[in-house]
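In my numbering, the protein residues as written are 66 to 254. Just so you know, even glycine gets a beta-carbon here, dropped at the ideal spot from N, CA and C. The next block holds one structure in the form of structure tokens; read it before the comments.
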Amino acid sequence: MISLLPPLQSVSKSVSILFCLGCLLMMAGQASAYEKVYYTQEQALAQCFPSARSIETIDISIDNALKQTIEQRLGFSFDKNTVQIFKGYSTDGYLGSALILHEKGKYEPITFMVHISPEKRVSNVILMIYREKVGAEVRKKRFLRQFFGKHASSSIVVDQDIDGISGATISSWALAAGVKKALILSDEI
Numbered sequence: 066m067i068s069l070l071p072p073l074q075s076v077s078k079s080v081s082i083l084f085c086l087g088c089l090l091m092m093a094g095q096a097s098a099y100e101k102v103y104y105t106q107e108q109a110l111a112q113c114f115p116s117a118r119s120i121e122t123i124d125i126s127i128d129n130a131l132k133q134t135i136e137q138r139l140g141f142s143f144d145k146n147t148v149q150i151f152k153g154y155s156t157d158g159y160l161g162s163a164l165i166l167h168e169k170g171k172y173e174p175i176t177f178m179v180h181i182s183p184e185k186r187v188s189n190v191i192l193m194i195y196r197e198k199v200g201a202e203v204r205k206k207r208f209l210r211q212f213f214g215k216h217a218s219s220s221i222v223v224d225q226d227i228d229g230i231s232g233a234t235i236s237s238w239a240l241a242a243g244v245k246k247a248l249i250l251s252d253e254i
């Protein structure tokens, strides 16, 4: 008698492999399971430029010389080749610029917008998307207000001039680094 079914051992191996692949796919999908969108790009821009009559979007290429200058001022590497800047204008004139940054938290990027006034000082920081399981307290105004008024030559270091949040240490550092990056980019561009 000839059996058309594969041997039981090979079925068992196939099922095990499929089960493992399914588990891996489920785990990969859970990386964004904690993603919470607090503001869309349009909503964040409206918060930064409430009186704007127009908002200009500018894509800027970062050449090697500018990248080196930025890295030297930051004290750490800068890995972007382009930057998008939003400039707001009202009937009274220029309202400043805003940048969207994606800084790595513990596992996932944190997306936020930094509004820089015409005087080149931080006037708002808006956490747009948070993707980590814990640490979303960095979106609270009491934390974000610490950045207001900072400028490119401010130190902006957690535990020095920025009070970090317990349980959100890495996220606190990520936002501090991103705000510093936004100020230096705004200053250099």
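Asked	Found
Tell me the DSSP bridge mates of Glu168?	Ile175
Is the beta carbon of Asp228 closer than 8 Å to that of Ser220?	no
Give me the Cβ distance between His180 and Cys113, rounded to the nearest whole Å; I'm assuming they're in contact under 8 Å.	4 Å
For Glu197 versus Ser236, is the C-beta spacing smaller than 8 Å?	yes
Are the Cβ atoms of Ala239 and Lys169 separated by less than 8 Å?	yes
When you compare the CB positions of Val148 and Ile254, do they come within less than 8 Å of one another, or not?	yes
To the nearest angstrom, report how far apart Ser126 and Ile150 are at their CA atoms.	11 Å
If I follow the unbroken beta strand (DSSP E) through Asn146, where does it start and stop?	Premise fails: Asn146 is in no beta strand (DSSP E) and is neither H nor E.
If you drop the 5 nearest sequence neighbours on each side, which residues of the same chain put their C-beta closer than 7 Å to that of Phe161?	Looking at the sequence itself, residue 161 is Gly, so the reference to Phe does not match. Only Gly153, His180, Ile181, Ser182, Pro183, Ser188 meet the Cβ criterion.
Rounded to whole angstroms, what's the CA-CA distance from Asp128 to Val223? Just pull it up for me.	30 Å
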